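Novice: Which chain is which? The protein sequence lines are A and B, in order. Quick note: the first sequence, position 102, residue 101 per numbering that gives the first Met the number 0, numbers continuous. Quick note: the second sequence, position 189, residue 188 per numbering that gives the first Met the number 0, numbers continuous. Backbone N, C-alpha and C define an ideal beta-carbon position, used for all residues, glycine too. Values in this document were obtained by computation on a predicted structure and should not be read as measured data.
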Amino acid sequence: MRRLLVKDLRILRRSPLLVALLVLYPVVVAVLVGAALTGGPAKPRVAFANLAGDTTFTLGGETLNPSVYTGKLFEAIDPIRVHTREEAIAKVRDGDALAALVIPADAAQRLQGMLSLVGGEPPTVEVFYNAEDPVKRRYVESTIRSRLAEANAALSDAVLAQSAKYLDLVVKGGELSFPLVGEVKILGLRNARTLIDTSLRGIPEDAPERAPLEQVSRFARVAAENLDLSKPILASIGQPVRVKQTVVSGSKTPLDAFAVGVAATLSLMLVTLLLAAGLLALERDEGTYARLVRGLVSRGALLTEKIALAALAALVVTLLQLAVVRIFVTISPRPLALAAGALAFAALGTALGALAREVRAASLLAVLLALPVAFMALVPSGAVSAPLYDVLNLVSGLFPFKPTLRALDGSGPALAHLCALALGYGVVARLALRRF
Amino acid sequence: MNVAGIGKRFGATVALRGVTFAAAAGDRVAVIGPNGAGKTTLLAILAGVLAPDEGTLELPPAGWVPQRSAVYSKLTVRENLELFAGLERAPHGAVERMLELTGLGGDELTGTLSGGNRQRLNVAVGLLGSPPLLLLDEPSAALDPAQRERLWTFVGALDATVLFTSHDVAEAAQHAHRVLVLAGGELVAELAPTDDLERAIVCAGS
Chain A
0 MRRLLVKDLR
10 ILRRSPLLVA
20 LLVLYPVVVA
30 VLVGAALTGG
40 PAKPRVAFAN
50 LAGDTTFTLG
60 GETLNPSVYT
70 GKLFEAIDPI
80 RVHTREEAIA
90 KVRDGDALAA
100 LVIPADAAQR
110 LQGMLSLVGG
120 EPPTVEVFYN
130 AEDPVKRRYV
140 ESTIRSRLAE
150 ANAALSDAVL
160 AQSAKYLDLV
170 VKGGELSFPL
180 VGEVKILGLR
190 NARTLIDTSL
200 RGIPEDAPER
210 APLEQVSRFA
220 RVAAENLDLS
230 KPILASIGQP
240 VRVKQTVVSG
250 SKTPLDAFAV
260 GVAATLSLML
270 VTLLLAAGLL
280 ALERDEGTYA
290 RLVRGLVSRG
300 ALLTEKIALA
310 ALAALVVTLL
320 QLAVVRIFVT
330 ISPRPLALAA
340 GALAFAALGT
350 ALGALAREVR
360 AASLLAVLLA
370 LPVAFMALVP
380 SGAVSAPLYD
390 VLNLVSGLFP
400 FKPTLRALDG
410 SGPALAHLCA
420 LALGYGVVAR
430 LALRRF
Chain B
0 MNVAGIGKRF
10 GATVALRGVT
20 FAAAAGDRVA
30 VIGPNGAGKT
40 TLLAILAGVL
50 APDEGTLELP
60 PAGWVPQRSA
70 VYSKLTVREN
80 LELFAGLERA
90 PHGAVERMLE
100 LTGLGGDELT
110 GTLSGGNRQR
120 LNVAVGLLGS
130 PPLLLLDEPS
140 AALDPAQRER
150 LWTFVGALDA
160 TVLFTSHDVA
170 EAAQHAHRVL
180 VLAGGELVAE
190 LAPTDDLERA
200 IVCAGS
């Protein structure tokens, strides 16, 4: 037993690459998994353009400032204040902000007009999203939506309170302040009715002016009673401010469809890589490679056959998988994207098979490479520093996983990217076969 | 066939240097030498598996039987023969002839064959195309005497130039018209089968 232990330790000592792989690889994978599974940032960066400035509106003699209510929004985000709508959109497009919130310049006037019964459309706040990562997008959407709802609720509470005071004034009478005029005494419907009823007592029954005065008295009574009832109706105004949402860049894919896309791409990747790498390495294992390429089959034809077979098999498996998933989730299979991804993965697989030369080594290499690359592609931008994220993006771009995800999302350039990768890896495989 | 000044390096190792010889149609040429002399490398170059670093070759189309069995374990004997017969565009009936030569059941899975039977199939695949030149690398290794006899009877009946390597000096003397002795990558002697071949190998090895 001791001799065996010493033997194995000796072997490990003479295999530094193997030891590095056994120790470092799990650490790298663990770090990438952790980064990939990190949720959205604690406070998403949101560009904020308040074009209304500190414009206020008045209701019932009180001044209200809509900007006060943005404080509630700022509690949940990391705001980047900008001056124009275009700046805000640019921040999102450039990836500096996950979203942008733009309060229009006429927000206060529109609120004023709507609430003073002049009419007109309510103000519309614009929200722009960077939907590069559907997980992040969902988080940012829900954060902004909930904060806007709170702001709306606070605003409508204030408006409701002022409107209720105004109604009380109309019903019961009191004093109202007007700019330039000062305090004005309001009679109120009840007081008006009392005055009219008092006057009616002194008018003979058959007097011609009695009928219209009785009509006014009835109106005052009915109006006073119904205006009191309108307060609950006013309370149902929950959204004095409307929200318009726009996705500036990135995916419009819902989160569940994105998850299915990730699963499909993972299985496509593993099946294709293992099959392509294994099939090519098998020729060397069996000793048949030399027999084939000495004149019976060209190296290019051999590679093409392996790539085609692996891609086709993986495509069929993945389409079957998606056919089952479609029972539960609404998704668009996008077979062209899957086919392009399968070809790129297959070409990569043959390159691995040509480099590894032996089936078991080829399979191991394929798995060792595939999983970290997949996790790398899923790391959200907020989880790591910007320079590291750029590096991860660059590395991810060299492998078919992330482009396949984008192609499944409908990106045309991603299809071209996959074709280029297929071609590139095919060339690498062809060159590696020289020393096969 | 004409082979002139063939040389091959693998990194710093010189596998072959300046190997030159010729063979007429129908010749039987044996290549012998100690281990590491370059026999397998020479045949691989003649078969087109490796490219020489120097020298020229004038060869007709050649069939090649590698030293290590090169057939698919997951295919049957017949499937292996049919695959390679198709790729080589072998004449009609070649598969049946080879099945008869090997004496193997066509439906046997190659992976289940013994080492000797697998080698028989390996040889049969190389003979499928009935080429004018046959390159056999240790063809009788792992074959029992009866199988060897059948192999050489079959090869002897072929109207082809045959170049083969062997560790068996007696086999070389029996089946070759000429014997080339390789040592250290160089052609050190060209002998008749009746010469003292064992002594030649020993001298070449030293």
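Are the CB atoms of residue 6 of chain B and residue 47 of chain B within a distance shorter than 9 Å?
Specialist: Not in contact: residue 47 of chain B and residue 6 of chain B (Cβ atoms no closer than 9 Å).
Novice: For residue 423 of chain A and chain B, any beta-carbon pair shorter than 9 Å?
Specialist: False, the Cβ-Cβ gap to chain B never drops below 9 Å.
Novice: Quick one: is residue 63 of chain B near chain A, going by C-beta distance under 9 Å?
Specialist: Cβ-Cβ to chain A under 9 Å: yes for residue 63 of chain B.
Novice: Taking the alpha-carbon of residue 274 of chain A as reference, which of A:422, A:412, A:171, A:316 has the nearest alpha-carbon?
Specialist: Residue A:316 is the option with its Cα nearest to residue 274 of chain A.
Novice: Take residue 89 of chain B and list the residues in its own chain whose beta-carbon comes closer than 8 Å to its own, dropping the five residues that flank it on each side.
Specialist: If we look at residue 89 of chain B and ignore the five residues flanking it on each side, its Cβ neighbours are 83, 127, 128, 129.
Novice: Would residue 297 of chain A be called buried (16 or more neighbouring beta carbons within 10 Å of its own) or exposed?
Specialist: Its Cβ having fewer than 16 others within 10 Å, residue 297 of chain A is exposed.
Novice: Who pairs with residue 244 of chain A in a beta bridge, going by DSSP?
Specialist: DSSP, once it has assigned bridges, lists A:126 as partnering residue 244 of chain A.
Novice: Starting from residue 47 of chain A and walking both ways along the alpha helix (DSSP H), at which residues does that stretch end?
Specialist: Here residue 47 of chain A belongs to no alpha helix (DSSP H); instead the beta strand (DSSP E) covers 44-49.
Novice: Rounding to the nearest angstrom, what Cα-Cα distance links residue 271 of chain A and residue 420 of chain A in this structure?
Specialist: When rounded, the distance between both Cα atoms is 14 Å.
Novice: Could you tell me whether the Cβ of residue 313 of chain A comes closer than 9 Å to any Cβ of chain B?
Specialist: No, because no Cβ of chain B sits closer than 9 Å to the Cβ of residue 313 of chain A.
Novice: Please classify residue 350 of chain A as buried or exposed, where buried requires at least 16 other C-beta atoms within 10 Å of its C-beta.
Specialist: The residue in question, residue 350 of chain A, is buried, as its Cβ has 16 or more Cβ neighbours within 10 Å.
Novice: For residue 65 of chain B, collect the residues of the same chain with a Cβ closer than 6 Å to its Cβ; drop the 5 residues on either side in sequence, then sort them by chain order.
Specialist: Correct list, in chain order: 136.
Novice: Applying a beta-carbon distance threshold of less than 9 Å, which residues of chain D neighbour residue 296 of chain A?
Specialist: Here the protein chains are A and B, and chain D is not one of them.
Novice: Would you mind working out which of A:28, A:415, A:162, A:7 sits nearest residue 366 of chain A, comparing C-alpha positions?
Specialist: Nearest C-alpha to residue 366 of chain A: A:28.
Novice: Classify residue 179 of chain A as buried or exposed, calling it buried when 16 or more other Cβ atoms lie within 10 Å of its own Cβ.
Specialist: Exposed is the call here.
Novice: Taking residue 76 of chain B as the reference, which of B:0, B:33, B:108 has the closest Cα?
Specialist: Of the listed residues, the one whose Cα sits closest to residue 76 of chain B is B:108.
Novice: Is the shortest distance between the beta-carbon of residue 285 of chain A and the beta-carbons of chain B less than 9 Å?
Specialist: With 9 Å as the cut-off, residue 285 of chain A counts as an interface residue toward chain B.
Novice: Determine the burial state of residue 497 of chain A: buried for a count of at least 16 other Cβ atoms within 10 Å of its Cβ, exposed for fewer.
Specialist: This structure cannot speak to residue 497 of chain A, because chain A is shown only from 0 to 435.
Novice: Taking only beta-carbon positions, decide if residue 43 of chain B is within less than 9 Å of chain A.
Specialist: Yes, its Cβ sits closer than 9 Å to a Cβ of chain A.
Novice: Compute the distance between the beta-carbons of residue 361 of chain A and residue 406 of chain A, then report whether it is under 9 Å.
Specialist: The answer is no: Cβ separation not under 9 Å.
Novice: Within the continuous alpha helix (DSSP H) that includes residue 296 of chain A, where are the two ends?
Specialist: Neither: residue 296 of chain A is in no alpha helix (DSSP H) and is coded neither H nor E.
Novice: Leaving aside the five residues before and after residue 269 of chain A along the sequence, list all residues of the same chain whose C-beta is less than 7 Å from its C-beta, in chain order.
Specialist: For residue 269 of chain A, where only same-chain residues beyond five positions count, the Cβ hits under 7 Å are 369.
Novice: How would you call residue 415 of chain A, buried or exposed, if buried means at least 16 neighbouring beta carbons within 10 angstroms?
Specialist: By the 10 Å Cβ count, residue 415 of chain A comes out exposed.
Novice: For residue 180 of chain A, report the span of its alpha helix (DSSP H) as first-last.
Specialist: Note, residue 180 of chain A: premise wrong, no alpha helix (DSSP H); not H, not E.
Novice: Among residues of its own chain, excluding the 5 on either side of residue 105 of chain A, which ones have a beta-carbon nearer than 6 Å to its beta-carbon?
Specialist: So no residue of the chain qualifies.
Novice: Consider the Cβ of residue 289 of chain A: report whether some Cβ of chain B lies at a distance smaller than 9 Å.
Specialist: Yes, residue 289 of chain A lies at the interface with chain B (some Cβ there is under 9 Å from its Cβ).
Novice: Should the stretch 323-339 of chain A be called in touch with the stretch 385-394 of chain A, which here means at least 3 C-beta pairs below 8 Å?
Specialist: Because the criterion of three Cβ pairs below 8 Å is not met, the stretch 323-339 of chain A and the stretch 385-394 of chain A do not touch.
Novice: Residues of chain A with a CB under 8 Å from the CB of residue 6 of chain B: which are they?
Specialist: Going along chain A, no residue has its Cβ under 8 Å from residue 6 of chain B, so there is no contact; the nearest lies around 19 Å.
Novice: Under the rule that 16 or more other beta-carbon atoms within 10 Å means buried, what is residue 22 of chain A, buried or exposed?
Specialist: That one is exposed.
Novice: If you scan the stretch 134-199 of chain B from start to end, which runs of the alpha helix (DSSP H) of 4 or more residues do you find wholly inside it?
Specialist: Those alpha helix (DSSP H) runs which fall completely within the stretch 134-199 of chain B and span 4+ residues are 144-156, 168-174.
Novice: Taking three-plus beta-carbon pairs below 8 Å as touching, is the stretch 106-120 of chain B in contact with the stretch 29-39 of chain B?
Specialist: Touching, no, given that fewer than three Cβ pairs across the two stretches are closer than 8 Å.
Novice: Among B:169, B:170, B:174, B:196, which has the Cα closest to the Cα of residue 180 of chain B?
Specialist: Minimum Cα distance to residue 180 of chain B is reached at B:196.
Novice: Report the partner residues of residue 57 of chain B according to the DSSP bridge assignment.
Specialist: Residue 57 of chain B is bridged to B:1.
Novice: Apart from the five residues just before and just after residue 186 of chain B, which ones in its own chain have a Cβ nearer than 8 Å to its Cβ?
Specialist: For residue 186 of chain B, where only same-chain residues beyond five positions count, the Cβ hits under 8 Å are 17, 18, 19, 20, 179, 180.
Novice: Quick one, are the C-beta atoms of residue 49 of chain B and residue 2 of chain B less than 9 Å apart?
Specialist: No, Cβ-Cβ distance for residue 49 of chain B and residue 2 of chain B is not below 9 Å.
Novice: Just by C-beta distance, which residues in the stretch 65-83 of chain B are closer than 8 Å to chain A?
Specialist: Within the stretch 65-83 of chain B, the qualifying residues are 65, 67, 68, 69, 70, 71, 72, 83.
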